[in-house]
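Everything below concerns the one structure shown next.
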Amino acid sequence: MRALWQRFTLIGRLSLLALLVLFLVALLAPMIAPHDPTETNLHLRLAQSPGYPLGCDQDGQCLFSRLVYGTRLTLLIGFLARGLALLVGVGIGLAAGFWGGWIDWLLMRVVDVFLAFPSLLLAIAISMVLGQGVATVILAIAVVGWAETARIVRGAALEIRGAEFVMAARALGASDLRIMLTHILPNCLPLITVIFAMGMATAILSEASLSFLGLGVDLSQPTWGSMVSLGRDYLIPHPRLSLYPGLCIGLVVILFNVLGDELRDLLDPGRKGQMT
Amino acid sequence: MLEYTIRRLFGTVPVLLGILFIAFVVLYLIPGDPAKTLAGPRASEETIQRIAKDMGLDQPLHERFLRYLGRVLRGDLGMSMVNDRPVMTSILEKFPYTLRLALLALVISVVTGLLAGTLSALLQRTIWDRLITMLSVAGISVPIFLTGLILLYVFAVQLRWFPTSAFGAKTMFMALFLPALTLGIRSGAFLARITRSTMIEVFNEDYIRTARAKGLSPFRILWRHALFNALIPIVTVVALDLSSFLSGSVIVETIFELPGLGRFAMEAISKRDYPVIQGVVLFSAVVFVGINLLVDLLYAYLNPRVRDEMLQARGNS
């Protein structure tokens, strides 16, 4: 871990630190936010007032507090959605790459089908079927995201399958499952780490897009995407209502993208400079 | 080439079937009884039953799927629940807007992406390279609705160079420019990254050294040798972008009030007009498969090695 830290460039270290700070903000939201994010004060609609660092929004809620609390849901949804997509994607990718043959053919056709759907529309359709809620958003993003992971992991598994240590393990009588979990999976881990970091960026963008269209978690809970959406009607003359949460999303996504780039260059030098 | 084309065409059949199945299942899973919804709140039990029978809802699932398949193959995507128009007619009506938007966005993305990426690769490790890289990371990270809202605020609201809504535009170009720019910035940034890394890889190839040693002009090397060989990953990205633009950019069309496919889908979603949503999703997925097919055929045509590899791989398995 320490060796990895030392191999990061300055920008990589900064983005990792910034992400850690954001996690702390999410954890300590009640201590940082000066107000309850859902507390409305109609006298302060769209007003600037002492004690409200960024002023108030259209419902007289403290904009800064909402941003702070928004960190929670944004990161939580991103992590869980990404984790779920990764679990399914890695499982299917390993199975397809390791066994090959008709299993590979079938699984990859399923992957093709999922990749063919426009991701946002598919997520929208899923959230319609399941109804609004945090779990729905997580599931919708995971369903959209697992296929890409499966395809990449399958490629890696396919390469590793032919390696000598895999043949050796097989000669020793190791079961398929054992070879997959103890020989192939660990060798895919660097790649999986990279996919995870990059995927966090996409997941957060998807959540924001769904919330922006009013199809995310219900609007009483602050997420950055829904804040941009609600602020849209007050763009003139209060662009800040949409701008600040929008910038927060951009910032987190940049941080995850930079981290992903950095990890890829370090962990997976073969792909240096390529997109994962 | 013919054998490859036929094989590739047949290869899309299972994927298309899968797409149809999922589009069908999503509608099937939606809570609530569609016959009841269609009949209205005050309909009698008898009416609901009759409508259910008319819609074939009393049949088993696999039969309904086969029937759905048959309808779709005849180009019938069902009727809108809101205005009783065939979904296909509406899609074909909205598609031209989305198509024009997609093409304009693609031009913006390809021009900026290729230029920025090539410059970045040529000026590797200079301050310009760093700047372009930073801008492109920012470009792919900023959510599309933020870019859209900022462009709308600055150029339409403050400077009044463009209309705030497509309905108020004097010409088609004026209506399309800001939304196309919004889409183009994002995919251009992505393309710049791909172009940069591919170009750097290509610059290290032997044939570039040979071309240099032959004394070819740098411009000719860049144009004829480097760019041409970097084309495959670039074309892949461009094709992906095109199909995502064509599926109707829900967010951009909503922000700029463009009457295209994306906005159509969004309206259908807010009115819970399920056949329309299903139709648009299906249409987009089929467009995606079609574009992918074309790109693959293009590769095989441009690069015989790709085609031979695939035919060989199929022969072995």
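These protein sequence lines are chains A and B, in that order. Start counting the first sequence at 1; every next residue gets the next number (this note's numbering). Start counting the second sequence at 277; every next residue gets the next number (this note's numbering). For glycine and all other residues, C-beta sits at the position ideal for the given N, C-alpha and C. In this text the structure is predicted, and so the values were computed from the model without any measurement.
Using the C-alpha atoms, what's the distance from residue j back to residue i?
i       : j       : result
L120(A) : S209(A) : 8 Å
A397(B) : G89(A)  : 33 Å
E148(A) : S525(B) : 21 Å
L84(A)  : L285(B) : 33 Å
L230(A) : S242(A) : 8 Å
R72(A)  : V137(A) : 15 Å
F64(A)  : Q48(A)  : 12 Å
P494(B) : Y575(B) : 27 Å
F438(B) : A378(B) : 19 Å
Y244(A) : A201(A) : 18 Å
M275(A) : M357(B) : In this prediction, M275(A) has a pLDDT of 43, which is less than 50 and means its spatial position is unreliable; nothing more can be read from the coordinates.
A33(A)  : I403(B) : 39 Å
E159(A) : W146(A) : 20 Å
A29(A)  : V68(A)  : 6 Å
For a cutoff of 7 Å on Cβ pairs, would you count residue i as touching chain A?
i       : result
L305(B) : yes
P419(B) : yes
G591(B) : The predicted model places G591(B) with a pLDDT of 47, which falls under 50 and marks its position as unreliable, so this point remains unresolved.
L595(B) : The structure shown does not extend to residue 595(B), since chain B is modelled only from 277 through 593, so no value can be given for it.
P290(B) : yes
E543(B) : no
V301(B) : no
A506(B) : no
L425(B) : yes
I295(B) : yes
A515(B) : no
F564(B) : yes
S385(B) : no
V358(B) : no
T394(B) : no
Does residue i get closer than 7 Å to chain B when you measure Cβ to Cβ?
i       : result
P190(A) : no
V253(A) : yes
N187(A) : no
Q274(A) : Unreliable positioning characterises Q274(A) in this predicted model, as indicated by a pLDDT of 45, which lies under 50. A coordinate reading is not provided.
V88(A)  : no
L292(A) : Nothing about residue 292(A) can be reported from this structure: the residues present for chain A run from 1 to 276 only.
V129(A) : yes
P237(A) : no
A169(A) : no
G250(A) : yes
P118(A) : yes
L10(A)  : no
F212(A) : yes
A85(A)  : no
G260(A) : no
S206(A) : no
Would you check if the distance between the CB atom of residue i and the CB atom of residue j is smaller than 7 Å?
i       : j       : result
G97(A)  : A169(A) : no
R340(B) : G415(B) : no
A561(B) : V552(B) : no
L569(B) : T288(B) : yes
G460(B) : I531(B) : no
A541(B) : V556(B) : yes
A81(A)  : A203(A) : yes
T458(B) : L427(B) : yes
R264(A) : V153(A) : no
T38(A)  : T223(A) : no
Q250(A) : V418(B) : In the sequence as presented, Gln is not what sits at residue 250(A); that position holds Gly. Yes, the Cβ-Cβ distance between G250(A) and V418(B) is below 7 Å.
A451(B) : A381(B) : no
G216(A) : S206(A) : no
Between residue i and residue j, how many whole angstroms is the CB-CB distance? I'm expecting something under 8 Å.
i       : j       : result
G389(B) : A468(B) : 5 Å
Q554(B) : V387(B) : In fact, because the Cβ distance is near 36 Å, the residues do not count as touching under 8 Å.
F259(A) : S15(A)  : For the sequence presented, residue 259(A) should be read as Leu rather than Phe. Yes, L259(A) and S15(A) are in contact; Cβ-Cβ is about 5 Å, under 8 Å.
I476(B) : A515(B) : Actually they do not touch by this definition, with Cβ atoms about 22 Å apart.
H501(B) : I484(B) : 6 Å
F559(B) : I367(B) : 5 Å
S520(B) : P118(A) : 6 Å
Under a Cβ-count criterion, where at least 16 other Cβ atoms within 10 Å of its own Cβ denotes burial, should residue i be classed as buried or exposed?
i       : result
E481(B) : exposed
N592(B) : Unreliable positioning characterises N592(B) in this predicted model, as indicated by a pLDDT of 43, which lies under 50. The coordinate reading is nonetheless provided below. Under this definition N592(B) is an exposed residue.
P277(A) : Nothing about residue 277(A) can be read from this structure; chain A reaches only from 1 to 276.
E262(A) : buried
A150(A) : buried
G538(B) : buried
Q61(A)  : buried
F453(B) : buried
M167(A) : exposed
Measuring only between beta-carbons, confirm whether residue i sits less than 7 Å from chain E.
i       : result
V111(A) : Of the protein chains in this structure, namely A and B, none is chain E.
Would you say residue i touches the ligand HEM, meaning its beta carbon is less than 6 Å from a heavy atom?
i       : result
T288(B) : Among the components modelled here there is no ligand, and therefore nothing to report on the ligand HEM.
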